[in-house]
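**Student:** My structure is below; once you've seen it, I'll send some questions.
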Amino acid sequence: MPIGRRVAYLRVRRRLSQQSFADRIGKSKSWVDKVERGVRSLERVSTIRDIAAVLRVDAATLLGRDAQPASAVGDGEDIARIRGALSAYEVVRDRPGPVLPADRLARHVGYAWTAYQHARYPQVVELLPNLLCDVQRAYVRDPVGGRVAVVEAYRVTAALLVKLDEADLAWLAVDRAVAAAAGDRVLVACAAVQLGQVLRASARARSVLLAAAYRIAPPDVDAGSAQELSLCGALLVQAALVAARCGDERTTGDLLDEAAEMAARVGDGHDHYRTAFGPTAVELARCAAAVEWGDGSAAVVRH
5 MPIGRRVAYL
15 RVRRRLSQQS
25 FADRIGKSKS
35 WVDKVERGVR
45 SLERVSTIRD
55 IAAVLRVDAA
65 TLLGRDAQPA
75 SAVGDGEDIA
85 RIRGALSAYE
95 VVRDRPGPVL
105 PADRLARHVG
115 YAWTAYQHAR
125 YPQVVELLPN
135 LLCDVQRAYV
145 RDPVGGRVAV
155 VEAYRVTAAL
165 LVKLDEADLA
175 WLAVDRAVAA
185 AAGDRVLVAC
195 AAVQLGQVLR
205 ASARARSVLL
215 AAAYRIAPPD
225 VDAGSAQELS
235 LCGALLVQAA
245 LVAARCGDER
255 TTGDLLDEAA
265 EMAARVGDGH
275 DHYRTAFGPT
285 AVELARCAAA
295 VEWGDGSAAV
305 VRH
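Using our numbering, the first residue of the sequence shown is number 5, and each one after it goes up by one.
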């Protein structure tokens, strides 16, 4: 039995209408209808888990007896090491370890970001525990000089954990990033990019992202710096993807059009504040939005 029909069967057995089921999983009724008719597929492990929880079955039952979700990078021990590093408080240690020079720390953070952006996730998993300890130690010693490194380390940690479907731990990392960034509008906007990724399944994510986007937006787009436009545009893209996931096609289009205007001024081939924002990023977001709506043909054409 196709998974869409299985969802429909289990939903009816639970005496849930499409609308009430959609409300419980944070989706639109249209989204549920497309899944049940097989128009759109279920590929995200986190979404499958959410649906299984509402239907009161395990994920294996939802997928079929022989089906298994894609395995995540990193085993329980790897995640536990990252959790331990995030839970460590250097400020309360009697004998804190040595602090790395700022330039060396920046190189380590940059390497973690590069590995993440090239999808070398096992390397990032291996790097993060020590990196988090190093940046936290530097931040405790010098809150001003160590701020950028600690925010960027928390950002890449949150980004990776989202990929691994470790939502609770990703939330802890991004919360640390936002707290460390407080008072610096650029760093707050940087942290908000990952905050949006963590909150994307939540309806309130859109308002958070838009508030951060328009806070960093230049008064005049034509006079804005590439850095400001990249941050604002990346946040608009995240907000658009939230709207797409909620089935709001009009808002998605409006936000991506606004982001495209900024992307045209930034151009491709840049990576300001690790946003990878530019015209190509916006077009990829349009493809992702089309996939969210179940419009595979439009996604293929854009791709």
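Cβ atoms here follow ideal geometry from the backbone N, Cα and C, with glycine treated the same way.
1. If you compare alpha carbons, which of E253, L165, E262 and S234 is closest to G273?
2. Leaving out five residues before and five after Y120 in sequence, what residues of the same chain have Cβ atoms less than 7 Å from its Cβ?
3. Using CA atoms only, rank isn't needed, just tell me which of L14, A227 and A292 is closest to E265.
4. So, are the CB atoms of L239 and V197 less than 8 Å apart?
5. How many Å lie between S21 and A171 at the Cα?
6. Inspect the beta-carbon positions of Y218 and A184 and report whether they are closer than 8 Å.
7. Contact check, T256 vs A244 under 8 Å by CB: the rounded distance?
8. When you compare only the Cα positions, how much space is there between A76 and L90?
9. DSSP on V103, reduced to helix/strand/coil?
10. Determine whether the beta carbon atoms of A56 and L66 lie at a separation below 8 Å.
11. Does the beta-carbon of G101 have 16 or more other beta-carbons within 10 angstroms, so that it is buried, or is it exposed?
12. Buried or exposed: where does A116 fall if 16 or more other Cβ atoms within 10 Å of its Cβ makes it buried?
13. One question on the structure: do W297 and A247 come within less than 8 Å of each other, judged by their Cβ atoms?
14. Is it buried or exposed for R81, if we count other Cβ within 10 angstroms and need 16 for buried?
15. Near P289, what residues of its chain come up, given a Cβ to Cβ distance below 8 Å and the 5 sequence neighbours on each side ignored?
16. Which of helix, strand or coil does DSSP assign to D179?
17. Hey, would you say Q140 sits closer than 8 Å to A106, going by beta carbons?
18. How far does the alpha helix (DSSP H) with K33 in it reach, from first residue to last?
19. Keeping to the same chain, check which residues put their C-beta closer than 8 Å to that of A153; ignore five residues upstream and five downstream.
**Tutor:** Based on what the coordinates show:
1. S234
2. V128, V160, A163 and L164
3. A227
4. yes
5. 28 Å
6. no
7. 5 Å
8. With a pLDDT of 45 at A76, under the threshold of 50, the modelled position of this residue cannot be trusted; read the value that follows with caution. So the alpha carbons of these two residues sit roughly 20 Å apart.
9. coil
10. yes
11. exposed
12. buried
13. no
14. The amino acid occupying residue 81 in the given sequence is Glu; Arg does not appear at that position. It is exposed - the Cβ of E81 has fewer than 16 other Cβ atoms within 10 Å.
15. Looking at the sequence provided, one finds Ala at residue 289 rather than Pro. Cβ neighbours of A289 beyond the five flanking positions: V241, A244, L245, L260 and A263.
16. helix
17. no
18. K33 to R41
19. A106, L109, A110, V113, V139, A142 and Y143
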